[in-house]
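Single-structure report; data block below.
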Amino acid sequence: MKDVWVIGSGQLGRMMQYAGTPLGINVHPVNVDDPALAAPELSATGVITAERELWPETPSGKALQAHPNFRNNTVFGRTADRKTQKELIDALGVATAKWLNVEADTTAAQCYEQLGDTVLLKRRSGGYDGRGQLWLKQADGDSLPSEWQQTSIAEEKCPFDEEVSLVGARTAQGELVFYPLTRNLHVNGILMASISPLQRLVHLQSQAEDMLGAILNELEYVGVMAMECFRIGDKLIVNELAPRVHNSGHWTQAGASISQFEMHLRAITELPLPSPIVRNHSVMINLIGVAYDEAWLAYADTQLHWYNKEVRPGRKVGHININDASVDSLLASLENLRGHLADNYGEVLDWVCEELR
Ligand code: ATP
Ligand code: MG
Ligand code: MG
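If you're matching positions, the sequence shown starts at 23 in this note's numbering and goes up one per residue.
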């Protein structure tokens, strides 16, 4: 049996753990946030990976990071800081939203002059689910709050048609494998739903693979990475990168012969990495701040992943995957969910149904 230790013990580490079972891999998520947790005993042949980009210097965090088999050790520093992540993307000539680094003396006027009359400040590190962002509008005045100076980048507002993402993996030998593009719906910065595959996105697949492939190769990356993009007409531009398994790839648990979690484990432990067989139509619905309801499970094409977290408003507490060969059956399952989810899911389900019909 191979052993993999994961920096972090949230839902991604947990889903990696059960993805290890059909591969004969023991996966051990480690709660590196706990300062009282002793460094685990790691085997020399074990492999270390991370479910997140930043972690504290606790005994367990330091021990995992120091292991010679910690994959992509040098990548996290570059991608966890939006400034160095953007520099990497720019240096490769991969399209991304125009941006500038917010220095101590950067003014709002400079942002508007270079990026347009609406700009988005994003914290350089630690932001997720749209937290750590601030829209600045020229019409609202000329101030740039001082707490955003030296801690953020400014981005132009992208007039995108829709958001898509690509999840792919690279082996140590440089082989690349990708899933089909996924269409994503974000509401207030939080991913609410994903759909994949979609016939109408097929013509963008090679463009997306070239972009993510260039990034994976430049970083000599091993494992799964996700690339969030904006589609503007026939052009994709990168929003951000996640050097890990990603929420927009959760549909692969039901919709592919190798899930993104299995793909990541295969790549980092040097198992064969065949292209996954993608089945049927998949929809993923994120469960945000809603209480568990067994009525979600009434249909045969529906799976629930419940993260066992305390339910709080705005918190991701689980996701539902629906995979079906029949669009009509899929739509029926979505209608069932509509009756058992909070009212704000109405627009999310409308969005999914409109795409599938
Ligand atoms: P995640 O949870 O995906 O890590 P995050 O907090 O890191 O989110 P981003 O992905 O950068 O934040 O942005 C969140 C959402 O905000 C995007 O999915 C998109 O809907 C919107 N957004 C981000 N950047 C821009 C932009 N430059 N122009 C317009 N909308 C944007
Ligand atoms: Mg992010
Ligand atoms: Mg994002």
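Glycine included, each C-beta is placed from N, C-alpha and C at the ideal position.
Discussion item. Please report the straight-line C-alpha distance between L198 and G235, rounded to a whole angstrom.
Written reply: 7 Å
Fill in: Expected contact under 8 Å - CB spacing of I290 and V26 to nearest Å
7 Å
Practice prompt. Report yes or no: do the region 272 to 280 and the region 134 to 153 share at least 3 C-beta pairs separated by less than 8 Å?
Written response: no
Worksheet entry | As assigned by DSSP and simplified to three states, the class of C180 | coil
Discussion item. Which of the three DSSP states is assigned to T101 in this structure?
Written reply: helix
Item to complete: Sort out for me which residues DSSP pairs T324 with in a bridge.
Response: I344
Fill in: Cutoff 7 Å; reference N94; Cβ partners in own chain excluding five residues on either side
Y243, V244, G245, P265
Fill in: Alpha carbon of F395 to alpha carbon of L188, nearest angstrom
Given that the chain is displayed from residue 23 to residue 379, the structure contains no residue 395 and the question cannot be resolved.
Worksheet entry | Contact check, H327 vs G311, beta carbons under 9 Å | no
Worksheet entry | E75 and T101 closer than 9 Å at C-beta | In this structure, T101 lies closer than 9 Å to E75 by Cβ.
Fill in: Proximal residues to R36 (C-beta, below 7 Å), its chain only, five neighbours per side dropped
P51
Discussion item. So, does the region 171 to 180 touch the region 331 to 351, judging by three or more C-beta pairs under 8 Å?
Written reply: no
Worksheet item: Heavy atom of ligand 3 less than 8 Å from the Cβ of E262, yes or no?
Response: Inclusion of E262 in the 8 Å shell around ligand 3 follows from its C-beta lying nearer than that to a non-hydrogen atom of the ligand.
Practice prompt. Report back the beta-carbon spacing between E240 and L371 to the nearest angstrom; my notes put them in contact at under 8 Å.
Written response: Contact flag wrong, Cβ pair sits at about 39 Å.
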